[in-house]
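In what follows, a structure is listed as C-alpha cells, so that the remarks can point back to it.
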Amino acid sequence: MNLERLDITQMFTKLSWDVQRPTYTFEPAKTDVQIEKSPAEVIIKRTQPRLIIDQSQCWADMNCKHIFQRVRDEAEDGKQAFFTYLSTVTTEGRRIGAIENKENPIKNLAREKSLAPKYQFTYGNVPKNFSLKFEIIPGETHVDWTESKMKVDFPSHPYHHQYEQGRLSYYIQKQNQLHIQVIGGTIDRVQ
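The numbering of the sequence shown is the numbering used here, which starts it at 35 and goes up by one.
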C-alpha cells in the first residue's frame, strides 16, 4: 500500500561575502635644503716700506752745496773770522799796551807774524764717513675680514597619504527553501 507521506526537502541559506581589503597609500614629501652663503670679504691695506736717503751732507763735503747753504756757510765763516780777528787785535793791543813789562812787544809781534804759518794736514775721506744719512720706514699690512653668514632653510612640503577603509559585503547566494510534498496517497485497489 502506498500511504501518503510528507517529503520535506530543505535547502539552507548560502551566504557569500566580498572582502575589499583596506588600502593605505603614503607619498612622502621631498626634502629641500636651501643654503645661502655669501663669500667672505677680505680687505688688505698695505703701506709700502720707504727708504729715505739724505745725501746733502755728502754733497756739502765735496763742496757741491746749494747756493742758499753756501751763503749761510760763508756768512757763518765771515762772522767767525771777524770774531777771531777781533780777539787777535784785542790781544795784540793789550800786549803793546803793556810796555811796563820791560820787553819789546812790537818786536815780538813782528817776529811771530813773519814766521811761516803752520799748516795742518789731515787725511779724511771725501765725503766723510757716516755723512750719508738714511732712514727706513717699515711697511705695514693690515688685513681685515668680515665673515659671511650661512643661511640654511628647510622649507616644509606636506606629505600625502590616503586610507581607504576595507569593506565586507554580505549577500545571499542561495535563499533558504523548505519544500514540503505530499507523496503517495494512493491505495492499490484490485480490480
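All C-beta atoms in this analysis are idealised placements derived from N, C-alpha and C, irrespective of residue type, glycine included. Values in this document were obtained by computation on a predicted structure and should not be read as measured data.
Among the options, the one whose alpha carbon lies nearest that of residue i
{"i": "S90", "options": "I171, S165 and T59", "result": "S165"}
{"i": "Y58", "options": "H213, L202 and E198", "result": "E198"}
{"i": "V53", "options": "K208, N210 and L202", "result": "L202"}
{"i": "S50", "options": "G127, K208 and K71", "result": "K208"}
{"i": "H191", "options": "A150, P62 and R55", "result": "P62"}
{"i": "I69", "options": "F116, N210 and F188", "result": "F188"}
{"i": "N159", "options": "M96, R84 and F60", "result": "M96"}
{"i": "I78", "options": "Q196, E174 and G218", "result": "E174"}
{"i": "R84", "options": "Q215, K185 and P172", "result": "P172"}
{"i": "H213", "options": "F46, A132 and L37", "result": "F46"}
{"i": "R55", "options": "G218, I217 and G200", "result": "G200"}
{"i": "I130", "options": "I217, Q196 and I140", "result": "I140"}
{"i": "S182", "options": "T43, K48 and S72", "result": "S72"}
{"i": "H195", "options": "T125, F60 and K48", "result": "F60"}
{"i": "T4", "options": "Y205, N210 and Y193", "result": "Nothing can be reported for residue 4, as the shown portion of the chain is limited to 35 through 225."}
Bounding residues of the beta strand (DSSP E) (the contiguous stretch that carries residue i)
{"i": "Q91", "result": "No beta strand (DSSP E) holds Q91; the alpha helix (DSSP H) holding it covers S90 to D95."}
{"i": "Q211", "result": "Q211 to I217"}
{"i": "L49", "result": "K48 to Q54"}
{"i": "D178", "result": "E174 to T180"}
{"i": "I171", "result": "K167 to I171"}
{"i": "Q68", "result": "Q68 to K71"}
Per DSSP, the bridge partner or partners of residue i
{"i": "D41", "result": "Q215"}
{"i": "E198", "result": "T57"}
{"i": "V76", "result": "W179"}
{"i": "L85", "result": "I170"}
{"i": "Y205", "result": "S50"}
Below-9 angstroms beta-carbon distance, residue i vs any chain B residue
{"i": "K162", "result": "No chain B is present in this structure, which holds just one protein chain."}
Continuous alpha helix (DSSP H) stretch holding residue i: start and end
{"i": "F188", "result": "Here F188 belongs to no alpha helix (DSSP H), and DSSP marks it neither H nor E."}
{"i": "E146", "result": "P139 to S148"}
{"i": "F116", "result": "I101 to G131"}
Rounded distance between the beta-carbons of residue j and residue i, thought under 8 angstroms
{"i": "V177", "j": "V67", "result": "33 angstroms between Cβ atoms; not a contact."}
{"i": "T180", "j": "A74", "result": "7 angstroms"}
{"i": "D88", "j": "K167", "result": "4 angstroms"}
{"i": "L283", "j": "V216", "result": "Residue 283 lies beyond the stretch modelled for the chain, which goes from 35 to 225, so this question has no answer here."}
{"i": "L143", "j": "E126", "result": "6 angstroms"}
{"i": "E169", "j": "I101", "result": "With 8 angstroms as the limit, E169 and I101 do not qualify as a contact, their Cβ atoms being about 26 angstroms apart."}
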